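**Student:** Going by the numbering used here, the sequence shown opens with residue 1240, and the numbers climb by one from there. Beta carbons: idealized from backbone N, C-alpha and C, even for Gly. Because the structure is a prediction, the values reported are computed rather than measured. Handing you a structure now.
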Amino acid sequence: MRTVLIINAGSSSLKYQLIDIDTESVLAKGLCERIGIDGKLTYQPTGGEKFQQESPMPTHQQAIELVLGVLTDEKIGVIKDMADVAAVGHRVLHGGPNFTASALVDEKCIAAIEEVIPLGPLHNPANLMGINACRAAMPNTPQVAVFDTAWGMSMAQKTFQYALPYEVYEKYSVRRYGFHGTSHMFVTGEAIKRLGREGDPNVKIITCHLGNGSSVSCSIGGKCVDTSMGLTPLEGLPMGTRCGSIDPAIVPFLMDKMNLSIKEVDTLMNKKSGMLGISGVSSDFRDLWAARKEGNARATLALDMFALAVKRYIGSYAAEMNGVDCIVFTAGVGENDAATRELIMQDMDFLGIDFDFELNRTAPRGEEIVLSKPSSRVKVMVLPTNEELAIARDTASIAL
Ligand code: AMP
1240 MRTVLIINAG SSSLKYQLID IDTESVLAKG LCERIGIDGK LTYQPTGGEK FQQESPMPTH
1300 QQAIELVLGV LTDEKIGVIK DMADVAAVGH RVLHGGPNFT ASALVDEKCI AAIEEVIPLG
1360 PLHNPANLMG INACRAAMPN TPQVAVFDTA WGMSMAQKTF QYALPYEVYE KYSVRRYGFH
1420 GTSHMFVTGE AIKRLGREGD PNVKIITCHL GNGSSVSCSI GGKCVDTSMG LTPLEGLPMG
1480 TRCGSIDPAI VPFLMDKMNL SIKEVDTLMN KKSGMLGISG VSSDFRDLWA ARKEGNARAT
1540 LALDMFALAV KRYIGSYAAE MNGVDCIVFT AGVGENDAAT RELIMQDMDF LGIDFDFELN
1600 RTAPRGEEIV LSKPSSRVKV MVLPTNEELA IARDTASIAL
């Protein structure tokens, strides 16, 4: 059996998934929490019972060793020994300008990820801890870094450039990168397959990754043309707790009026804004819809603003690409929230969209489905994202 271990390392947590690369099935998944504090391991073999254990894990390396221990455990494991892990794929947030695609991990790759820590100060150091831990625990197993920003690297300069002094771009690499790249890449590839247009350089797709964090992206021939997040994931749509695009002059204005530090204004925009900030109710769309049904005006406003923002991106991307063949909804909201999809899709017929509102209302949650009518020029579909599988596929194609 050839398996790929997928690692998503945070500063004190580590999510993992073991995928059989030949059948593309998940063998087991789980989570290490509170690394460096006390330590808790969760392990769930597919079809088996969930296993939890409080275990000291002072560093990421000990966490990885515990994961390898349960994966190869005689009783609850899913593989015989570590040699069954053919490669490890790491999710890395920011590749900066250095990476246009996934890369085999070596000293040069690690140095390049370190170099862009200023662009991903919270995630990149944690991602590197995961990489170093796996290299120490499995020195002979190839490792691959899969970057969330790689998808956006095919954007033209006129698209990624900010209209700031040019030296800001040259000196500090300040440009738009985009995030959720692994998800946009995955659902775009799947949509192209569903349309039967593999290899077609003209197929135009808009992907709406709507979850707690949200972004919209568009592609021609499977290559990203534009994407709504920027230098950081703050740009673009209003999200669960992020404000999305605002007039940048609001930042110094608020720092002055509210006497905020750089850190405080950053927290205000990332953690206290978006759906939560507007509604005062919640960042979760289920809570917002419940409040809206009870007549809560601010929850209603938040959902209307969100739908309008998605609609604006769809419209502007259709203009940017001179058309669109397919619109994809994915992630927590995109896959599950029919009411939000309905709000977004209202009055979009001018684009050649004939959306089946009735089917949308009765569509099963979280499942692949075409929601446009057969007569619709633009196909609208829900495609569940699977970032781990995308990482596994990239890892296998590079390392095996
Ligand atoms: P994600 O970040 O992709 O995991 O998406 C998480 C978000 O999806 C949650 O915060 C909810 O807002 C939303 N969500 C998940 N399930 C549902 C549902 N059944 N109805 C509405 N929204 C949902």
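Restricting to Cα atoms, I'd like to know which of Ile-1260, Leu-1493 and Ser-1252 is closest to Ala-1638.
**Tutor:** Your numbering for residue 1638 matches position 399 in the sequence shown. If we check each option's Cα against that of Ala-1638, Ile-1260 comes out closest.
**Student:** Below 6 angstroms, is the gap between the Cβ of Ala-1365 and the nearest heavy atom of ligand 1?
**Tutor:** Sequence index remark: in the sequence shown, residue 1365 carries index 126 (1-based). Not so, every heavy atom of ligand 1 lies at least 6 angstroms from the Cβ.
**Student:** Tell me whether Gln-1291 is buried or exposed, calling it buried when 16 or more other Cβ atoms sit within 10 Å of its Cβ.
**Tutor:** To locate residue 1291, count along the sequence shown from 1; it is residue 52. Answer is exposed; the Cβ neighbour count stays below 16.
**Student:** When a residue counts only if its C-beta is closer than 5 angstroms to some heavy atom of ligand 1, which residues count, in chain order?
**Tutor:** Here the residues come out as Gly-1450, Asn-1451, Asp-1523, Phe-1524, Arg-1525, Ala-1570, Gly-1571, Val-1572, Asn-1575 and Asp-1576.
**Student:** I believe Thr-1601 touches Val-1385 by the beta-carbon criterion, under 8 angstroms. Please report the beta-carbon distance rounded to the nearest angstrom.
**Tutor:** What you label residue 1601 is simply residue 362 of the sequence shown in a count that begins at 1. What you label residue 1385 is simply residue 146 of the sequence shown in a count that begins at 1. Not quite, the Cβ-Cβ distance comes to about 36 angstroms (not below 8 angstroms), so this is no contact.
**Student:** At what residue ranges does the segment 1588-1617 contain a whole run of the beta strand (DSSP E), taking only runs of 3 or more?
**Tutor:** You should have found no qualifying run.
**Student:** According to DSSP, is His-1333 helix, strand or coil?
**Tutor:** Residue numbering aside, residue 1333 sits at position 94 when the sequence shown is read from its first letter. Looking at His-1333 - three-state DSSP - the assignment turns out to be coil, as it is neither helix nor strand.
**Student:** Who pairs with Phe-1193 in a beta bridge, going by DSSP?
**Tutor:** No answer is possible for residue 1193: it lies beyond the span of the chain, which begins at 1240 and ends at 1639.
**Student:** Where does Met-1468 land, buried or exposed, given buried means 16+ other C-beta within 10 angstroms?
**Tutor:** Indexing the sequence shown from 1 puts residue 1468 at position 229. Buried, by the Cβ-count rule.
**Student:** CB Arg-1580 to CB Phe-1596, shorter than 7 angstroms?
**Tutor:** In the sequence shown, residue 1580 corresponds to position 341, counting from 1. In the sequence shown, residue 1596 corresponds to position 357, counting from 1. No; because the gap between Cβ atoms is not below 7 angstroms, this pair is not in contact.
**Student:** Whole angstroms is fine: what's the gap from Arg-1632's alpha carbon to Thr-1262's?
**Tutor:** Locating residue 1632 in the sequence shown gives position 393, counting from the first residue. Locating residue 1262 in the sequence shown gives position 23, counting from the first residue. Their Cα atoms are separated by approximately 11 angstroms.
**Student:** Which residue marks the beginning of the beta strand (DSSP E) containing Ala-1578, and which one marks its end?
**Tutor:** Against the sequence shown, residue 1578 aligns to sequence position 339. Per DSSP, Ala-1578 belongs to no beta strand (DSSP E); it is in the alpha helix (DSSP H), 1577-1584.
**Student:** Quick check on the DSSP output: the alpha helix (DSSP H) that includes Asp-1495 runs from which residue to which?
**Tutor:** Here residue 1495 corresponds to residue number 256 of the sequence shown, with the count starting at 1. 1489-1496 is the span of the alpha helix (DSSP H), which, as asked, contains Asp-1495.
**Student:** Report yes or no: do three or more beta-carbon pairs, one from the segment 1618-1628 and one from the segment 1299-1317, lie closer than 8 angstroms?
**Tutor:** Because the criterion of three Cβ pairs below 8 angstroms is not met, the segment 1618-1628 and the segment 1299-1317 do not touch.
**Student:** Comparing C-alpha positions only, which one of His-1333, Thr-1446, Pro-1472 and Asn-1441 sits nearest to Asn-1561?
**Tutor:** Residue mapping note: residue 1561 aligns to position 322 of the sequence shown, counting from 1. Nearest C-alpha to Asn-1561: Asn-1441.
**Student:** Could you pull the DSSP bridge partners for Lys-1550 from this structure?
**Tutor:** Within the sequence shown, the letter at position 311 stands for residue 1550. Paired residue(s): none; Lys-1550 is not in a bridge.
**Student:** At what residues does the alpha helix (DSSP H) containing Asn-1509 begin and finish?
**Tutor:** As a position in the sequence shown, residue 1509 is number 270, starting the count at 1. Residues 1501-1510.
**Student:** Between the segment 1363-1375 and the segment 1316-1336, are three or more C-beta pairs nearer than 8 angstroms?
**Tutor:** They touch, by the three-pair rule.
**Student:** So does the segment 1495-1513 actually touch the segment 1472-1479, counting three or more Cβ pairs closer than 8 angstroms?
**Tutor:** Verdict: yes, contact present.
**Student:** In whole angstroms, what separates the C-alpha of Ser-1264 from that of Met-1240?
**Tutor:** By 1-based counting over the sequence shown, the position of residue 1264 is 25. By 1-based counting over the sequence shown, the position of residue 1240 is 1. Going by the C-alpha atoms only, they are around 12 angstroms apart.
**Student:** Looking at the unbroken alpha helix (DSSP H) that takes in Leu-1473, where does it start and where does it end?
**Tutor:** Translated into positions along the sequence shown, residue 1473 becomes position 234. Note, Leu-1473: premise wrong, no alpha helix (DSSP H); not H, not E.
**Student:** Starting from Ser-1294, follow the beta strand (DSSP E) in both directions and report where the run begins and ends.
**Tutor:** Reading the sequence shown from its first residue, position 55 is the one you call residue 1294. Here Ser-1294 belongs to no beta strand (DSSP E), and DSSP marks it neither H nor E.
**Student:** If you compare alpha carbons, which of Val-1317, Arg-1415 and Val-1306 is closest to Gly-1287?
**Tutor:** For this step, residue 1287 is matched to residue 48 along the sequence shown. For the residues Val-1317, Arg-1415 and Val-1306, the minimum Cα distance to Gly-1287 belongs to Val-1317.
**Student:** Going straight from the alpha carbon of Glu-1627 to that of Lys-1612, what length do you get?
**Tutor:** For the purposes of this step, residue 1627 is identified with residue 388 of the sequence shown, where counting begins at 1. For the purposes of this step, residue 1612 is identified with residue 373 of the sequence shown, where counting begins at 1. If I take the Cα positions, the gap works out to 31 angstroms.
**Student:** Report the option in Tyr-1552, Gly-1420 and Asp-1320 whose CA atom is closest to the CA atom of Phe-1338.
**Tutor:** By 1-based counting over the sequence shown, the position of residue 1338 is 99. The candidate whose alpha carbon is nearest that of Phe-1338 is Gly-1420.
**Student:** Which residue marks the beginning of the alpha helix (DSSP H) containing Ala-1530, and which one marks its end?
**Tutor:** Here the question's residue 1530 lines up with position 291 in the sequence shown. 1524-1532 is the span of the alpha helix (DSSP H), which, as asked, contains Ala-1530.
**Student:** Would you report the Cα separation of Pro-1360 and Ala-1342, rounded to the nearest angstrom?
**Tutor:** The residue given as residue 1360 occupies position 121 in the sequence shown. The residue given as residue 1342 occupies position 103 in the sequence shown. Going from the Cα of Pro-1360 to the Cα of Ala-1342 covers about 20 angstroms.
**Student:** CB Gly-1450 to CB Gly-1417, shorter than 7 angstroms?
**Tutor:** In the sequence shown, the residue the question calls residue 1450 occupies position 211. In the sequence shown, the residue the question calls residue 1417 occupies position 178. For Gly-1450 and Gly-1417, no; Cβs fall outside 7 angstroms.
**Student:** Return the CA-CA distance between Val-1243 and Pro-1404, expressed in angstroms with no decimal places.
**Tutor:** The residue labelled residue 1243 in the question sits at position 4 within the sequence shown. The residue labelled residue 1404 in the question sits at position 165 within the sequence shown. Between Val-1243 and Pro-1404, the C-alpha separation is close to 44 angstroms.
**Student:** Just to confirm the assignment, what range does the beta strand (DSSP E) spanning His-1189 have?
**Tutor:** The chain is shown only over 1240 to 1639; residue 1189 falls outside these bounds and no answer can be derived.
**Student:** Verify whether the separation of the beta carbon atoms of Leu-1542 and Leu-1527 is less than 7 angstroms.
**Tutor:** Indexing the sequence shown from 1 puts residue 1542 at position 303. Indexing the sequence shown from 1 puts residue 1527 at position 288. Yes, they are a contact pair.
**Student:** Would you call the CB atoms of Ile-1517 and Ile-1245 closer than 7 angstroms?
**Tutor:** By 1-based counting over the sequence shown, the position of residue 1517 is 278. By 1-based counting over the sequence shown, the position of residue 1245 is 6. Going by C-beta atoms, Ile-1517 is not nearer than 7 angstroms to Ile-1245.
**Student:** Should Asn-1625 go down as buried or exposed, given a rule of 16 or more other Cβ atoms within 10 Å for buried?
**Tutor:** Walking along the sequence shown from the start, residue 1625 turns up at place 386. Asn-1625 should be labelled buried.
**Student:** Take the Cβ of Asn-1498 as the centre, count every other Cβ of all protein chains shown within 10 Å, and call the residue buried at 16 or more, exposed below.
**Tutor:** Numbered from its first residue, the sequence shown carries residue 1498 at position 259. Exposed, by the Cβ-count rule.
**Student:** Where does the unbroken alpha helix (DSSP H) through Tyr-1408 begin, and where does it stop?
**Tutor:** Here residue 1408 is taken as the residue at index 169 of the sequence shown, counted from 1. From DSSP, the alpha helix (DSSP H) with Tyr-1408 extends over 1405-1411.
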